[in-house]
Amino acid sequence: MARHLQSCLADTASSGEDSAAIIQIVGEHRPDYWLYVAIAPSTTLATLDEFLRGFWVECCGHLSAFTIDGVQYDRPHDEDAPAGFGPPPQSMDVPLDEVLENVDDATFGYEYDFGTTTALSVSVVETGSWGDDAIASSLVKDVSPVENVIVLARNEQPERTCADCGDQATVVCQPCLRDPDAGAYFCESCADAHDDGEGYHAFLPVVNSPRSGVCGYRG
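Just so we're aligned, residue 1180 is where the sequence shown starts under the working numbering, counting upward by one.
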């Protein structure tokens, strides 16, 4: 997919356009969920965090953080927080190109919610001179909740089948999702009769996100 996007964008490149970066975002533990987006290198981590929350992970206003070259960039940021091990946390109000300027590997981590964590791997796969109009005219895959982040491609909804009858699943059982040996996906009919072993039903809709079935995320 990265090579395909690079070849498409090469046709629109112009020395007169502002520079842009293609970013690949993948579920660290659920790699069948992925995105490619285009952003200006001067885009702040706070803007990228806002996009990830609005498009893929936000459920209850949890904390989040990027980790780049051993430094954590957190939200919300508390300058008066007590020091711990390693470099002190930094604010997300910093441009992406600035934090990656002296970093050899342009791949870094993102975490949302430090209780039931959704972890993502973020990589800069290409930079070039592409205008927003040229990108938007042919490559936009989905609506972005943030103006300065353009969605170029995303995975198709992974097919989930009902653990009981094999039909298409529409809901996921939260307790069963935490058990690797249990079937967690069900159709509406089988969900009504499902016993999760914990005495209550905690179902969430199956959605196209690495946070599907986690906390209160409903897409």
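We treat Cβ as the ideally placed atom computed from N, Cα and C, and that holds for glycine. Only a predicted model underlies this, so the values are computations on that prediction, with no experimental measurement involved.
Taking each of Ala1363, Cys1394 and Ser1302 in turn and checking the Cα distance to Ala1200, the smallest one comes out for Ser1302. Between Thr1222 and Asn1334, the C-beta gap is not smaller than 8 Å, which leaves the two residues out of contact. Note that the segment 1362-1373 touches the segment 1341-1348; at least 3 beta-carbon pairs, one per stretch, sit closer than 8 Å. In the structure shown, Glu1237 falls within a coil segment according to DSSP collapsed to helix, strand and coil.
Looking only at Pro1274, Phe1365, Val1325 and Gly1362, the smallest Cα-Cα distance to Leu1231 is reached by Val1325. Residue state for Pro1268 is assigned as coil, using DSSP reduced to three classes. Boundaries around Ala1244 are those of the beta strand (DSSP E), Ser1243 to Ile1247, since no alpha helix (DSSP H) includes it. With a cutoff of 8 Å on beta-carbon distance, Val1282 and Tyr1252 are scored as not near each other.
Of the candidates Ala1225, Asp1211 and Asn1387, Ala1225 places its Cα closest to the Cα of Val1278. Minimum Cα-Cα distance from Asp1248 among the listed residues Asp1374, Leu1383 and Tyr1289 corresponds to Tyr1289. Between Pro1354 and the set Val1216, Ser1300, Ala1298 and His1373, the nearest pair of CA atoms involves His1373. A direct Cα-to-Cα measurement between Asp1360 and Cys1352 gives close to 13 Å. If you compare the alpha carbons of Gln1347, Ala1348 and Arg1390 with that of Arg1357, the shortest gap goes to Arg1390.
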